[in-house]
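Report on one structure; see the data block that follows.
Residue numbers (this note's numbering): 373 to 622.
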């Protein structure tokens, strides 16, 4: 029985009720973590126990044990696995005292038990929220400056989000932003900044990892501009499966 599941670009990771991790899909870069480079059409077991959470990105995988130890495997061309820039087809331990994880397109985020956030990988669009090094790629987990008391992290394709314990949303990297009421959409590279609408209880990224939705304390759903979003499962929209996001910017 699946307890948590994460779908990446071309592979899937799952944790079952026995705290065992499973993977299936493409494996050309070792993203399934089964010590091979052979694609799998059915789930294969990853040789770790007491698994708390998994997160799949673009041919990269993260696995978090209940003890707080973080493992990564798969693609590592820009240091997104948090170590030497070589591909790994089995889990490699890279950090400890971690309580949440999130894999993006070519970067990863790790939330530490003290509420701080660490990141590594592609930093070309301020994706990591790190501006002091001047480097496009950071291959080791590095603390994101200024972030504290964080309760949740979410990685998009080239963007990142953090939810604070008091319900504030911080975001950075490349996002889609609404410039005017005609629905003009552009890509914006942003340093860490705060959304200024109400208290938020959850955040999710969708639409190829560039767009996001927020759930407020009143259970309302908002987009990044604070606009209310109505989800109607009775309608069909080509880019949204069996439901439609009734917002012209989504």
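Built from N, CA and C at the ideal position, the CB exists for glycine as well.
- prompt: Can you pull the DSSP bridge partners for residue 446?
  reply: 432 and 460
query: Exposed or buried, which one is residue 517 when buried takes at least 16 other CB atoms within 10 Å?
result: exposed
Reduced DSSP secondary structure (H/G/I, E/B, other) of residue 451: coil
query: Do the segment 447-461 and the segment 382-391 touch if we need at least three Cβ pairs shorter than 8 Å?
result: no
query: Is the Cβ-Cβ distance between residue 435 and residue 410 less than 8 Å?
result: no
message: So residue 446 and residue 480 are supposed to be a Cβ contact under 8 Å. How far apart are they, rounded?
response: With a Cβ gap of about 10 Å, residue 446 and residue 480 do not count as contacting.
First and last residue of the uninterrupted beta strand (DSSP E) at residue 533: 531-536
message: Rounded to whole angstroms, what is the Cα-Cα separation between residue 514 and residue 385?
response: 25 Å
field: First and last residue of the uninterrupted beta strand (DSSP E) at residue 517
entry: Unbroken run through residue 517: none, as it is neither H nor E.
query: Which residue from 449, 421, 469 and 416 puts its Cα closest to that of residue 442?
result: 469
field: Terminal residues of the beta strand (DSSP E) in which residue 494 lies
entry: 489-494
message: Can you tell me whether residue 411 is helix, strand or coil according to DSSP?
response: coil
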